[in-house]
């Protein structure tokens, strides 16, 4: 009793009296004026808590280390016997880590998908490179079936040249070439309108306007195809082939077109152009033809102004592309030397 303080008789008596009091209060739970129940005290532990067993260490020999700790006999095969005796065994498999296999599987799927996309991008890049090279070769050396002017199949004539701005011209120069093409179409309109007015003049005025009608017919039949070949087609090939010599020829021929447009706008008497002079003179005899002549004069003036604007814009482009007179002379010398007829003429002159 002296060893354990809770075994004192006075403590045990108090605990027994409290338990009896609680039990008496519970005999009649529906009784009136019931005494408040007292909280029981936990029973006293009569025995000390057990002490944890201390592990005993045993010496390990070389045979014991291979067989396991504390084993008397070696394992039958490999790691199958495990470490230790029959009471203690070892699992050769590492502890399973939940989620690692699923994570590794997802990572492998992502890597495979990334590898497939990379291979697909490389394949597409190769295809685009090959397609670009094919288009470039076709643009310079390929078969170019003539498609301009667009003539119906039943017509006895056939197209003369191949014309495709989207295919032949690089994107940064397509706008300039397209503007010059539209200007050429407007020039065709001016020649045709001039011919119509001169035809009306010969119908209204008779032989007085005969020379103007004849020259207007000659201008329409001659200058329309020449304007296409000499300055528009020259610019088209200069941009397509990046040729300084063709640029120079374009500037010269386009300057001639500006001069012709100015002469047509003035409209000298019997000059074949229904310009300002001819329009006002015709208005004395026929006001309707005079008004049409003024419209033709305005069209030629607009043609001249548009040509001046376009030649200035193309000259800026010419400077930015690195073209020069030296390159043009070198190209001319190379083309003349490669021409057998020109080379023979030069040798004969020497």
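Numbering (this note's numbering), first residue to last: 1167 to 1516.
Backbone N, C-alpha and C fix where the C-beta goes; we use that ideal spot for every residue, glycine too.
- Put simply, of 1284, 1349, 1313 the residue whose alpha carbon is nearest the alpha carbon of residue 1326 is 1313.
- Exposure of residue 1292 is indicated by the presence of fewer than 16 other C-beta atoms within 10 angstroms of its C-beta.
- In its chain, beyond the 5 residues on either side, 1349, 1420, 1423, 1424, 1427 have a beta carbon closer than 7 Å to the beta carbon of residue 1473.
- The continuous alpha helix (DSSP H) containing residue 1447 extends over residues 1442-1449.
- Pairing residue 1380 with residue 1471, the inter-Cα distance amounts to about 27 Å.
- DSSP places residue 1314 within a strand segment (E or B) once states are collapsed to three.
- Counting only residues of its own chain and dropping the five nearest sequence neighbours on each side, residue 1329 has a CB closer than 8 Å to the CB of 1313, 1314, 1402.
- Rounded to the nearest angstrom, the Cβ distance from residue 1466 to residue 1356 is 6 Å, consistent with a contact under 8 Å.
- In the DSSP annotation of this structure, the continuous segment of the alpha helix (DSSP H) that includes residue 1466 starts and ends at 1453-1486.
- In the same chain as residue 1440, and ignoring 5 residues on each side of it, the C-beta atoms closer than 8 Å to its own belong to 1360, 1363, 1364, 1367, 1378, 1382, 1433, 1448, 1458, 1459, 1462, 1463, in chain order.
- If you draw a straight line from the Cα of residue 1275 to the Cα of residue 1346, it is about 57 Å long.
- Closest in C-alpha terms to residue 1415, from the list 1494, 1446, 1342, comes 1494.
- Counting of Cβ neighbours within 10 angstroms places residue 1281 among the exposed residues, the total staying below 16.
- In this chain, the alpha helix (DSSP H) harbouring residue 1369 covers 1337-1371.
- At the C-beta level, residue 1404 and residue 1413 come within 8 Å of one another.
- In this structure, residue 1480 lies near residue 1342, with their beta-carbon atoms less than 8 Å apart.
- One thing to note: residue 1435 has its Cβ no nearer than 8 Å to the Cβ of residue 1370.
- The C-alpha of residue 1310 lies about 14 Å from the C-alpha of residue 1324.
- Around the beta carbon of residue 1372, fewer than 16 other beta carbons sit within 10 angstroms, so the residue counts as exposed.
- A direct Cα-Cα distance of roughly 35 Å separates residue 1475 from residue 1450.
- Per DSSP, residue 1389 is one residue of the alpha helix (DSSP H) stretching across 1376-1393.
- Counting along the chain, the unbroken alpha helix (DSSP H) around residue 1403 starts and ends at 1399-1407.
- Of the residues 1417, 1352, 1429, 1468, the one whose Cα lies closest to the Cα of residue 1491 is 1417.
- Excluding sequence positions up to five before and after residue 1294, its CB lies less than 7 Å from no other CB in the same chain.
- Boundaries of the alpha helix (DSSP H) harbouring residue 1426: 1410-1432, taken from the DSSP string.
- In the DSSP assignment, residue 1333 falls within the unbroken alpha helix (DSSP H) covering 1331-1334.
- 8 Å or more divides the Cβ of residue 1385 from the Cβ of residue 1456.
- Excluding sequence positions up to five before and after residue 1339, its CB lies within less than 6 Å of the CB of 1405, all in the same chain and listed in chain order.
- In the assembly as shown, residue 1430 is a buried residue. Its beta-carbon has 16 or more other beta-carbons within 10 Å.
- Rounded to whole angstroms, the Cβ separation of residue 1411 and residue 1498 is 5 Å, and the two are in contact under 8 Å.
- A straight-line Cα-Cα distance of about 45 Å links residue 1408 and residue 1279.
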